[in-house]
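Q: For reference, the structure I am asking about is given below.
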Amino acid sequence: MNEKVIKLADVEEVCDFVRAAGMCDFDIDISDQRMVIDAKSILGVMGLGIRKELTVKYGGEDLSFENVLNKYAVA
């Protein structure tokens, strides 16, 4: 299981992230400190909040998705 912490700054970044997650054929979860959501759900990701650190957990490999994750990764 891979794990990365990201921060999405606005609705456009949320859409970009969810679009990339939706292209993957494996499960991807995103969570804040209290809830775990399917990362392929735009409403779910928006519900977690914008401008917060979120943890992404995924079990597969996809170079395009990992490039998007790296774009929003928290240093």
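If you're matching positions, the sequence shown starts at 45 in our numbering and goes up one per residue.
All C-beta atoms, glycine included, are put in the ideal place defined by N, C-alpha and C.
All of these numbers come straight from a predicted model, not from anything done at the bench.
1) Mind pulling the beta strand (DSSP E) runs of 3 or more residues that sit fully within the stretch 48-91?
2) Where do the ends of the beta strand (DSSP E) carrying GLU138 lie?
3) Decide if PHE61 is buried, meaning its Cβ has at least 16 other Cβ atoms within 10 Å, or exposed.
4) Bridge partners for ALA119 per DSSP, in chain order?
5) Beta carbon of LYS51, beta carbon of ARG95: below 9 Å?
6) Check the DSSP bridge columns for ASN46 and list the partner residues they point to.
7) Within its chain, find whatever has a CB closer than 6 Å to the CB of SER75; leave out the 5 residues flanking it on each side and keep chain order.
A: In short:
1) 72-75, 80-82
2) With the chain covering only 45 through 119, there is no way to say anything about residue 138.
3) buried
4) According to DSSP, ALA119 bridges with nothing at all.
5) yes
6) TYR102
7) THR99
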